[in-house]
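Have a look at the structure below, then the notes.
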Amino acid sequence: MDFTAEEYRERRIRFTRTMNSRYPRWEMAVFIDNVNQFYFTGTMQDGILFILRDAASLGGSRLLYGVRRSFARAKMESPLFADTHRQLGMTEEIMPMASYRDIAERFIGAFQLSSEPGGVYIEGDTMTVAVLERLRKYFLVRSPAFLDTVIRTVRSVKSEAELRLIRISGERHRILLEERVPALLREGISEAEFLGEVIAEMYRLGYQGLARFHQTQTEISIGQIGFGINSLYPSRFDGPGGMKGGGAAVPLGAGDTRLKKGDAVFVDIAFGMGGYHTDKTQVYFFGAEPPGEFKKAHQFCVEIQKRASERLVPGEIPSKIYQDIISSLNESELDCFMGVDNSHRVKFLGHGTGLNVDDFPVIAKGFDEPLEENMVIALEPKKGVKRIGLAGVEDTYIVKPNACCCVTGGGRDIIRV
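Following this line, the structure appears as structure tokens:
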């Protein structure tokens, strides 16, 4: 679906107000991250986006977007730069550029930056040193500060238009894992063949074609899958699951392990529509009854997910949800909880999702700001079971007053195939 120019302006206004509140001396925010460019403009190009504080302008800021490639496509895709809107004298401008020099010349006489440090904010997680040095060549960028927490916090509260895409993604995600995937599991199929067939089903359901992560250097096709004990294989990915993958060169891919009777099957994948993701995990057991210890571990995770989801309401504190649940567990319950083993446990129970799979807020220590209505959170309690595989669930929820809304179906029991 297409977002309106008014929605993009409202996003900029909320960002500006948050910056004003947290960093009263800010003057300019610089974005090179694709997702952030899209969030504010509705197009994703090879370019650089400036939001400049300006008390006299709409919402207290102006937007300037320099595009190297493709300027023509940016004009076609973004409603902010349509001629009908430009004639209204709005505070957005787009210009083609061959280098930062071009856009720097536009600043002269139009935008004034002080020489004081602390006025320029950049994306510390994604902007490279090389890009920063190019900026310093043409702009007053002294001691830049980081805006990552602000923009990820602003993006965490979704509009109704964003939620519509997330709901569609969630329902198709449910259909995929609960109805389509069981029919793909057959004796002798390899993980790689299975992954290929899963991807084909995803495209049939309208999948957008990729899963975006904020975490640096996260290279993953659609998610984590594993037959049997492969789901317990340690991984560099910052999640509770594991996968053997295709080997050292492609550890988050799929390998040649073949499915046999008595195997647990772990499928943790993201789905996405129009840029917006949902996250869901389903566990299957092939050709046999799941062992009692595996069923017990899985049911434990379902119960933890239910306890956590009951607290996804406005005003709850993510760090307190995490601490309350973790502190209530005994030694046996904590054994291999949120990890493939006790040396690979992660320190969260869930994470926000939206334009990135791994977004804010996180249900973990250090996230002390209250939940707000229309935040979207994936809860993923999981537990490694030695010599069998990873048990557990994951579903995506929208924070709502009184009770959250699950968009991916809710924690399911093990599906026996």
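Everything in the sequence shown is counted per my numbering, starting at 293 for the first residue and increasing by one. C-beta atoms are modelled at their ideal positions from N, C-alpha and C, and glycine is treated no differently. All figures in this text were calculated on a predicted structure; none of them were measured in a lab.
Span of the alpha helix (DSSP H) around residue i
| i | result |
| --- | --- |
| Glu608 | Careful: Glu608 lies outside any alpha helix (DSSP H) and carries neither H nor E. |
| Ser353 | Looking at the DSSP string, Ser353 is not in any alpha helix (DSSP H); the run it does join, the beta strand (DSSP E), is 353-361. |
| Met311 | 297-314 |
| Phe586 | 584-601 |
| Val327 | 326-333 |
| Arg550 | Taken as a continuous stretch (DSSP letters only), Arg550 belongs to no alpha helix (DSSP H), as it is neither H nor E. |
Element boundaries [beta strand (DSSP E), containing residue i]
| i | result |
| --- | --- |
| His643 | 642-644 |
| Phe578 | 568-578 |
| Lys675 | 674-677 |
| Leu682 | 681-684 |
| Glu384 | 384-388 |
Outcome for residue i when other beta-carbon atoms lying within 10 angstroms are tallied against a minimum of 16
| i | result |
| --- | --- |
| Arg345 | buried |
| Arg478 | exposed |
| Asp616 | exposed |
| Met419 | buried |
| Ala503 | buried |
| Thr700 | buried |
| Leu626 | exposed |
| Arg361 | exposed |
| Asn634 | exposed |
| Ala297 | buried |
| Met535 | buried |
| Met368 | exposed |
| Arg317 | exposed |
| Lys553 | exposed |
| Ala695 | exposed |
8 Å Cβ cutoff met for residue i and residue j
| i | j | result |
| --- | --- | --- |
| Ile343 | Ala366 | no |
| Tyr430 | Tyr392 | yes |
| Gly703 | Val685 | yes |
| Val433 | Phe578 | no |
| Leu355 | Glu319 | no |
| Ala396 | Tyr413 | no |
| Thr510 | Phe529 | yes |
| Glu454 | Tyr300 | no |
Restricting to runs no shorter than 4 residues, where is the alpha helix (DSSP H) found entirely within the region 465-503?
Fully enclosed alpha helix (DSSP H) runs of 4 or longer: 483-496.
Per the contact definition of three or more C-beta pairs closer than 8 Å, is the region 559-568 in contact with the region 626-641?
The answer is no - the region 559-568 does not touch the region 626-641, with fewer than three Cβ pairs under 8 Å.
Would the region 516-529 count as touching the region 471-488 if we require 3 or more Cβ pairs under 8 Å?
Per the Cβ contact rule, the region 516-529 is in contact with the region 471-488 (3 or more Cβ pairs under 8 Å).
Given 8 Å as the limit, is there contact between the region 654-670 and the region 689-702, that is, 3 or more CB pairs closer than that?
Yes: the two stretches touch, three or more of their Cβ pairs being nearer than 8 Å.
Length-filtered (3 minimum) beta strand (DSSP E) runs lying within the region 500-533:
If only complete runs of 3 or more residues are kept, the region 500-533 shows the beta strand (DSSP E) at 515-519, in order along the chain.
Segment contact, 8 Å Cβ cut-off, at least three pairs: the region 583-603 with the region 668-679:
In short, these stretches touch, since the Cβ pair count reaches three.
Tell me, please, whether the region 428-446 touches the region 309-317 by the rule of three or more beta-carbon pairs shorter than 8 Å.
Between the region 428-446 and the region 309-317, the count of Cβ pairs shorter than 8 Å is three or higher; the stretches touch.
Would you mind listing the alpha helix (DSSP H) stretches within the region 422-460 that are 4+ residues and don't spill past its ends, in chain order?
Taking only runs of at least 4 residues, the alpha helix (DSSP H) segments lying wholly in the region 422-460 are 440-448.
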